[in-house]
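Per the working numbering, residue 367 is the first one in the sequence shown, and the count goes up by one each step.
Glycine included, C-beta positions come from ideal geometry on N, C-alpha and C.
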Amino acid sequence: MSRTLFFSLSRSKCHHEILPCSFNEFNKILSSDISFVPTPQFQQTRSKVHFPNDTAEARAARHLQFKEFNRATAKWRRETESLCKEWRRSFALKEIEQIRADEAAAEESRVVLAEQKAAAEHRRRQAAIEVLLRKTEVQCQLAMVSLERSKSAEEKRRIMKKAENLRYALLLEESKNWIDTEEELNSRIMETLENPEPFGFIVDLPVSKGL
367 MSRTLFFSLS
377 RSKCHHEILP
387 CSFNEFNKIL
397 SSDISFVPTP
407 QFQQTRSKVH
417 FPNDTAEARA
427 ARHLQFKEFN
437 RATAKWRRET
447 ESLCKEWRRS
457 FALKEIEQIR
467 ADEAAAEESR
477 VVLAEQKAAA
487 EHRRRQAAIE
497 VLLRKTEVQC
507 QLAMVSLERS
517 KSAEEKRRIM
527 KKAENLRYAL
537 LLEESKNWID
547 TEEELNSRIM
557 ETLENPEPFG
567 FIVDLPVSKG
577 L
């Protein structure tokens, strides 16, 4: 229901009343034929408007109009209060629904955030495990290479030891035929001392024959 402000003037103040009709309806009333309404002669007093040529019929008609107006205003106020209550109830329900929707959205956001954090933590742990596996694989490869090298070095040392033992055995066998007796050893020593051979020195050492 629309509302129209109706203004009335008095000597002391300007006040307004709310009419239960629209502006268009009010304009129609103003534009209609109101010649049957007697035009009163206003005379301002201290507290109210005085009608000099007022009659009992006019007062009765005016009183009836006021009663009708008051009933219409009371009806309009009741309807307005009912609408306001309905609007307040509707607004409260909408507000409750909005609060519940916001809480549901917030809870969903928390769940999604928790899932994202869990997924990120899982990816981080998976990456750490992959890095550890790669490091372990590299360490295993290095250990295998070191083992192969150690095996090769051990095999090389074993072969060299075997060759050295074989050479020692051959030299030992050959040494049996170098000197037959002690007298022959002494004679060879004396011969070497008497006939020295150069050893590649820059300056030949002096030779002293005899002991």
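Check, Outcome
"Hey, how far is the Cα of L479 from the Cα of A472?", "10 Å"
"Please classify E563: does DSSP put it in a helix, a strand, or coil?", "coil"
"Where does V403 fall in DSSP's three states?", "Low confidence applies here, because V403 scores a pLDDT of 44, under 50, leaving its location unreliable; read the following figure in that light. Looking at V403 - three-state DSSP - the assignment turns out to be coil, as it is neither helix nor strand."
"Please state the DSSP three-state secondary structure of D420.", "coil"
"Quick check for students: name the residue ranges of the alpha helix (DSSP H) that lie wholly in the region 486-524, counting only runs of 4 or more.", "none"
"Using the C-alpha atoms, what's the distance from W453 back to D351?", "For the chain, the structure presents residues 367 to 577; residue 351 sits outside this window and is missing."
"By Cβ distance, which residues of its chain are closer than 6 Å to I495, with the 5 residues on each side in sequence left out?", "none"
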